[in-house]
Amino acid sequence: MAIGPVQLIVLGFPEPDFHGQIAAELERLRESDAVRVIDALAVHKTTDGEVEVAHLSNLSDDEATELGSKVGALVGLGIEGEEGLEAGAEAGAQAAADGIHAFSDEDAWDVIEEIPDGSAAALVLLEHHWAVPLRDAVAAAGGFRIADGFISPLDLIGIGMLSAEEARELHAMETATVGAG
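Residue numbering for the sequence shown is 68 to 248, as defined by the numbering used here.
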(Lines of atoms letter the chains of each structure in order from A and count residues from 1; the text may use other names and numbers.)
(Lines give C-alpha, C1' and ligand atoms only; values in the text may rest on other atoms or scores of the structure.)
Protein backbone atom coordinates (compact mmCIF):
# COMPACT_ATOMS: atom_id res chain seq x y z
CA MET A 1 0.00 0.00 0.00
CA ALA A 2 1.38 3.43 -0.96
CA ILE A 3 1.44 5.92 1.84
CA GLY A 4 0.36 9.43 1.00
CA PRO A 5 2.21 12.59 1.97
CA VAL A 6 2.28 12.98 5.76
CA GLN A 7 1.90 16.33 7.52
CA LEU A 8 2.22 17.35 11.16
CA ILE A 9 -0.11 20.19 12.12
CA VAL A 10 0.42 21.88 15.50
CA LEU A 11 -2.54 23.90 16.76
CA GLY A 12 -2.27 26.10 19.87
CA PHE A 13 -4.87 26.75 22.57
CA PRO A 14 -4.74 29.13 25.54
CA GLU A 15 -6.19 26.45 27.84
CA PRO A 16 -6.02 22.62 27.84
CA ASP A 17 -9.81 22.49 27.82
CA PHE A 18 -10.87 20.22 24.95
CA HIS A 19 -14.60 19.47 24.72
CA GLY A 20 -14.71 16.82 22.01
CA GLN A 21 -15.01 19.10 18.97
CA ILE A 22 -11.52 18.21 17.77
CA ALA A 23 -12.04 14.47 18.25
CA ALA A 24 -15.35 14.73 16.37
CA GLU A 25 -13.67 16.52 13.45
CA LEU A 26 -10.86 13.94 13.43
CA GLU A 27 -13.53 11.25 13.16
CA ARG A 28 -15.23 13.08 10.28
CA LEU A 29 -11.91 13.32 8.45
CA ARG A 30 -11.30 9.62 9.05
CA GLU A 31 -14.70 8.74 7.61
CA SER A 32 -14.15 10.91 4.50
CA ASP A 33 -11.02 8.92 3.58
CA ALA A 34 -9.48 12.07 2.06
CA VAL A 35 -6.97 11.99 4.90
CA ARG A 36 -6.03 9.45 7.51
CA VAL A 37 -5.38 10.67 11.01
CA ILE A 38 -2.28 8.67 11.88
CA ASP A 39 -2.06 10.01 15.39
CA ALA A 40 -3.13 13.00 17.44
CA LEU A 41 -1.93 14.22 20.81
CA ALA A 42 -3.08 16.89 23.22
CA VAL A 43 -0.12 18.55 24.91
CA HIS A 44 -0.41 20.84 27.91
CA LYS A 45 2.63 22.88 28.83
CA THR A 46 2.47 24.24 32.37
CA THR A 47 3.65 27.74 33.25
CA ASP A 48 6.87 26.05 34.45
CA GLY A 49 7.38 24.38 31.06
CA GLU A 50 6.44 20.88 32.21
CA VAL A 51 4.72 18.83 29.49
CA GLU A 52 1.64 16.65 29.95
CA VAL A 53 0.45 14.50 27.03
CA ALA A 54 -2.81 12.69 26.20
CA HIS A 55 -3.95 10.96 23.02
CA LEU A 56 -6.67 12.64 20.96
CA SER A 57 -6.56 9.82 18.46
CA ASN A 58 -9.63 8.03 17.19
CA LEU A 59 -7.70 5.01 15.93
CA SER A 60 -9.13 1.55 16.39
CA ASP A 61 -7.31 -0.71 18.87
CA ASP A 62 -5.63 -2.57 15.97
CA GLU A 63 -4.50 0.70 14.34
CA ALA A 64 -3.22 2.07 17.64
CA THR A 65 -1.21 -1.12 18.20
CA GLU A 66 0.20 -0.95 14.66
CA LEU A 67 1.05 2.75 14.70
CA GLY A 68 1.87 3.40 18.34
CA SER A 69 2.48 7.00 19.25
CA LYS A 70 3.91 8.32 15.99
CA VAL A 71 3.52 11.99 16.89
CA GLY A 72 5.29 11.47 20.20
CA ALA A 73 8.15 9.67 18.49
CA LEU A 74 8.35 12.30 15.75
CA VAL A 75 8.61 15.27 18.11
CA GLY A 76 10.68 13.51 20.78
CA LEU A 77 8.12 13.14 23.54
CA GLY A 78 9.15 9.54 24.23
CA ILE A 79 5.61 8.51 25.13
CA GLU A 80 6.43 4.84 24.66
CA GLY A 81 9.05 5.15 27.41
CA GLU A 82 12.46 3.49 27.28
CA GLU A 83 11.16 0.80 24.91
CA GLY A 84 9.92 3.40 22.43
CA LEU A 85 13.14 5.38 22.70
CA GLU A 86 15.20 2.27 21.90
CA ALA A 87 12.93 1.30 18.98
CA GLY A 88 13.19 4.82 17.55
CA ALA A 89 16.97 4.86 17.94
CA GLU A 90 17.24 1.48 16.20
CA ALA A 91 15.00 2.60 13.32
CA GLY A 92 16.99 5.82 12.94
CA ALA A 93 20.30 3.97 12.98
CA GLN A 94 19.05 1.53 10.36
CA ALA A 95 17.82 4.34 8.13
CA ALA A 96 21.18 6.12 8.44
CA ALA A 97 22.99 2.86 7.60
CA ASP A 98 20.80 2.62 4.50
CA GLY A 99 21.92 6.13 3.46
CA ILE A 100 18.72 7.91 4.52
CA HIS A 101 19.23 11.11 6.49
CA ALA A 102 15.98 12.72 7.64
CA PHE A 103 17.32 16.18 8.49
CA SER A 104 20.25 17.89 10.17
CA ASP A 105 20.19 19.52 13.59
CA GLU A 106 19.93 22.92 11.85
CA ASP A 107 16.74 21.78 10.10
CA ALA A 108 15.15 20.19 13.18
CA TRP A 109 11.79 21.57 14.27
CA ASP A 110 11.43 21.77 18.06
CA VAL A 111 7.65 21.60 18.21
CA ILE A 112 7.49 21.34 21.99
CA GLU A 113 9.69 24.42 22.41
CA GLU A 114 7.30 26.43 20.21
CA ILE A 115 4.31 25.70 22.47
CA PRO A 116 4.07 28.66 24.85
CA ASP A 117 4.31 27.88 28.57
CA GLY A 118 0.88 27.86 30.19
CA SER A 119 -0.94 26.74 27.05
CA ALA A 120 -2.00 23.64 25.19
CA ALA A 121 -1.56 22.26 21.70
CA ALA A 122 -3.09 19.58 19.53
CA LEU A 123 -0.51 17.77 17.40
CA VAL A 124 -2.19 16.03 14.48
CA LEU A 125 -0.29 13.73 12.11
CA LEU A 126 -2.24 13.38 8.85
CA GLU A 127 -1.68 11.21 5.82
CA HIS A 128 -3.11 12.84 2.71
CA HIS A 129 -4.80 9.97 0.82
CA TRP A 130 -6.14 12.35 -1.84
CA ALA A 131 -2.57 13.26 -2.84
CA VAL A 132 -1.34 9.73 -3.67
CA PRO A 133 -2.58 9.71 -7.30
CA LEU A 134 -1.25 13.25 -7.84
CA ARG A 135 2.14 12.38 -6.36
CA ASP A 136 2.34 9.22 -8.46
CA ALA A 137 1.42 11.14 -11.63
CA VAL A 138 4.08 13.76 -10.88
CA ALA A 139 6.69 11.04 -10.30
CA ALA A 140 5.67 9.20 -13.50
CA ALA A 141 6.23 12.46 -15.39
CA GLY A 142 9.72 12.75 -13.87
CA GLY A 143 8.71 15.49 -11.45
CA PHE A 144 9.48 15.96 -7.78
CA ARG A 145 8.43 18.17 -4.86
CA ILE A 146 10.50 21.31 -4.45
CA ALA A 147 8.58 22.94 -1.58
CA ASP A 148 5.18 23.15 0.06
CA GLY A 149 3.43 25.20 2.70
CA PHE A 150 0.20 26.78 3.76
CA ILE A 151 -0.65 30.16 2.20
CA SER A 152 -1.70 32.93 4.55
CA PRO A 153 -5.25 34.18 4.07
CA LEU A 154 -3.75 37.67 3.73
CA ASP A 155 -1.93 36.55 0.58
CA LEU A 156 -5.24 35.41 -0.93
CA ILE A 157 -6.57 38.97 -1.07
CA GLY A 158 -4.27 39.89 -3.94
CA ILE A 159 -5.53 37.05 -6.12
CA GLY A 160 -9.19 37.72 -5.39
CA MET A 161 -9.95 34.57 -3.39
CA LEU A 162 -10.89 36.46 -0.19
CA SER A 163 -12.03 39.93 0.72
CA ALA A 164 -9.78 41.92 3.05
CA GLU A 165 -12.29 41.45 5.88
CA GLU A 166 -12.51 37.66 5.36
CA ALA A 167 -8.73 37.39 5.20
CA ARG A 168 -8.23 39.40 8.39
CA GLU A 169 -10.75 37.21 10.25
CA LEU A 170 -9.14 33.97 9.06
CA HIS A 171 -5.64 35.27 9.71
CA ALA A 172 -6.64 36.29 13.23
CA MET A 173 -8.06 32.82 13.89
CA GLU A 174 -4.96 31.10 12.52
CA THR A 175 -2.42 33.23 14.34
CA ALA A 176 -4.09 33.97 17.68
CA THR A 177 -1.63 33.56 20.52
CA VAL A 178 -1.87 32.77 24.19
CA GLY A 179 -2.96 35.84 26.09
CA ALA A 180 -4.41 37.51 22.99
CA GLY A 181 -7.84 38.93 23.62
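Each residue gets a CB set at the ideal place from its N, CA and C atoms; glycine is no exception.
**Request:** Count the C-beta pairs between the stretch 199-210 and the stretch 78-95 that are closer than 8 Å, then say yes if the count reaches three, no if not.
**Result:** As far as the Cβ criterion goes, the stretch 199-210 does not touch the stretch 78-95, which means the pair count is below three.
**Message:** Just to confirm my understanding: we take Ala198, look at its own chain, exclude 5 residues before and 5 after, and list those with CB closer than 7 Å. What are they?
**Reply:** Excluding the 5 residues flanking it on each side, Ala198 has same chain C-beta neighbours closer than 7 Å at Gly71 and Pro72, in chain order.
**Request:** Starting from Leu201, follow the alpha helix (DSSP H) in both directions and report where the run begins and ends.
**Result:** Looking at the DSSP string, the run of the alpha helix (DSSP H) that includes Leu201 is Val199 to Ala207.
**Exposure of His86, with buried meaning 16 or more beta-carbon neighbours within 10 Å** = Counting every other CB atom within 10 Å of its CB across the protein chains shown gives His86 a total below 16, marking it as exposed.
**Request:** Look at the Cβ atom of Ala121, then the Cβ atom of Ala109, and state whether they are nearer than 7 Å.
**Result:** In contact: Ala121 and Ala109 (Cβ atoms closer than 7 Å).
**Request:** Output the distance between the C-alpha atoms of Gly216 and Thr114, rounded to the nearest integer angstrom.
**Result:** Taking the Cα positions, Gly216 is about 31 Å away from Thr114.
**Prompt:** Taking Cβ to Cβ, would you say Ile105 is nearer than 7 Å to Leu201?
**Reply:** No, these two residues do not count as a Cβ contact at 7 Å.
**Request:** Can you grab the Cα-Cα spacing for the pair Ser99 / His195, in whole Å?
**Result:** Roughly 11 Å separates the two Cα atoms.
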